[in-house]
Amino acid sequence: MKISVLAVMFAALVISSCGNAGALENQTVDVPTEKPDRVEALPIFPGIYNTDVYLPLLEGKRVAIVANQASIIDTLHLADMLLKEDVNVGKAFCPEHGFRGTADAGQKVDSGKDEKTGLNVVSLYGNNKKPAKEQLKDVDMVVFDLQDVGVRFYTYISTLHYVMEACAESDIPVIVLDRPNPNASYVDGPVLDTANYRSFVGMHPVPIVYGMTIGEYAQMINGEGWLKGGIKCNLTVVPCQNYTHYRKYKLPIKPSPNLPNARSIELYPTLCIFEATCISVGRGTDMQFQVLGHPLYKDVIDSAFVFTPQPNAGASNPLLNGKECYGFNLADDAAIFDWRVDKFNVSVIIKMYELFPDKPNFFNKNNMLEKLVGYKAFRKQIENGVSEEEIRSSWSKDLEKFKEIRSKYLIYS
């Protein structure tokens, strides 16, 4: 499958630091640079469209893929395309939500066989988050193609980490087919305290919104020595074409069951924090991550938006299942709150806590809030009425340090 000559002009092969022996030579290929206004007028192509770059690297190799329902080129799945091109694809690995992307958030994803291709699919969500040596013994190269949304607790970057680490330990090169990040135009939020709150929903010292594509992020994992023992992965990033961090990109396929549209993806960095509270974010409705509500807001919020969570695809048992919730509809730009799309909106969390009648039970009693936000003091800051400005200033220095680190790994202007 080939792309247009015009699109190929902007293809580049970016290979990041690789410390292990492997089939790929470390190099950067320069390409002609168009003026920004010219690039803005051209369509964006994810890395999967650069077939002239990566298909030759797969010739004669036993290939495994890391993919899900969004791993497509036009309307063709990565697995189908590679098999059509006579690539020897022996198995597939899948992240949270499964190979076809239908599992609930947090639901155990079982290994099995893909009905369409017959490929053996190995789950990387649950007890087997990192490919085992046995699972890689018949693999010469791994092709990784997952659609990220640029938020620390979105688990595809954790899957990326473990795939890179396992492949580094087995001297297997990894090719990342890069995709645009719909939240890449800004960097914001507290940096994760990895000494105390490292988990699968946050593995690296990065802010909630890190402003990088998954390919750029892979280079950072390698370059900063975040793999176990500082080992380096033999990494190739096949970049997007005609893309900059400031170009709006609408995902053609939802990246997971509960991010159905651009607005939910835009609101997700802030609204996901409410998953550590008793507040519904719309799971079990058709407005996931676009609404906030709870039955106790009924007599508190004037002209409240009303919704009732019910089991649906991606939410078999949603929070507040069957209960009428009262709150806010944030799908409308004119909704309450001074909402900004270029920052982590602490003011929303402050407001929802202030309005809640049963404050001792607003936050969950476990440490999920700290894992999502990234540091210990946040819970007390909200409970004690600390202003948004003071809260933001408490993590601003770490955020600025991260921006300096990030700048070393950016591919796109």
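Residue numbers for the sequence shown follow our numbering, beginning at 483 and rising by one. Each residue gets a CB set at the ideal place from its N, CA and C atoms; glycine is no exception.
- In its chain, beyond the 5 residues on either side, D586, N740, R765 and G766 have a beta carbon closer than 7 Å to the beta carbon of A797.
- Looking from the CA of V625, the closest CA among M769, D820, A700 and V830 belongs to A700.
- For H776, the CB contacts under 8 Å within the same chain, skipping 5 residues up- and downstream, are C760, I761, S762, L802, C807, Y808, G809 and F838 in chain order.
- Contact between the segment 652-669 and the segment 524-537 is established, with three or more Cβ pairs separated by less than 8 Å.
- Beyond the five residues adjoining it in sequence on each side, V828 comes within less than 7 Å, by CB distance, of E870, I873 and R874 in the same chain, given in chain order.
- M834 is a Cβ neighbour of L774, given a cutoff of 9 Å.
- At a Cβ-Cβ threshold of 9 Å, S667 and H727 count as neighbours.
- The beta carbon of L674 is closer than 6 Å to those of G684, P687 and G856 in its chain, skipping five residues each way along the sequence.
- Of the residues assessed, S640 falls on the buried side of the cut-off, its CB having 16 or more other CB atoms within 10 angstroms.
- For L674, the three-state secondary structure derived from DSSP is coil.
- In this structure Q792 is exposed. Its beta-carbon is surrounded by fewer than 16 other beta-carbon atoms within 10 angstroms.
- In the displayed model, N843 falls within a helix according to three-state DSSP.
- The three-state reading of DSSP puts Y692 in coil, since its state is none of H, G, I, E or B.
- Take G594, set aside five residues on each side of it, and the residues of its chain with a beta-carbon closer than 6 Å to its own are V603, in chain order.
- For T641, the uninterrupted alpha helix (DSSP H) segment begins and ends at Y638 to E651.
- Beta-bridge partners of L659 (DSSP): V720.
- For Y835, the enclosing alpha helix (DSSP H) begins and ends at V828 to L837.
- Inter-residue distance for C576 and F860 is about 33 Å (C-alpha atoms, whole angstroms).
- With respect to D622, K543 sits close: the two C-beta atoms are nearer than 9 Å.
- Inclusion of L854 and A795 in the CB contact set at 9 Å is not warranted, their separation being larger than that value.
- Under the DSSP definition of a beta bridge, A549 partners with D627.
- Listed in chain order, the beta strand (DSSP E) runs fully inside the segment 748-792 are 773-776 and 787-789, counting runs of at least 3 residues.
- About 6 Å separates the CB atoms of K612 and E647; that is less than 8 Å, so the two are in contact.
- With fewer than 16 other beta carbons inside 10 angstroms of its own, S785 counts as exposed.
- Straight through space, the alpha carbons of F844 and I547 are spaced by roughly 42 Å.
- Setting aside the 5 residues that flank it on each side, G707 has no residue in the same chain whose C-beta is closer than 6 Å to its C-beta.
- Secondary-structure assignment with DSSP links C715 through no beta bridge to anything.
- Within a 10 Å sphere around the beta-carbon of I735 sit fewer than 16 other beta-carbons, which makes this residue exposed.
- Beta-bridge partners of A574 (DSSP): I547 and V603.
- Counting the other Cβ atoms within 10 Å of the Cβ of D768 gives fewer than 16, which makes it exposed.
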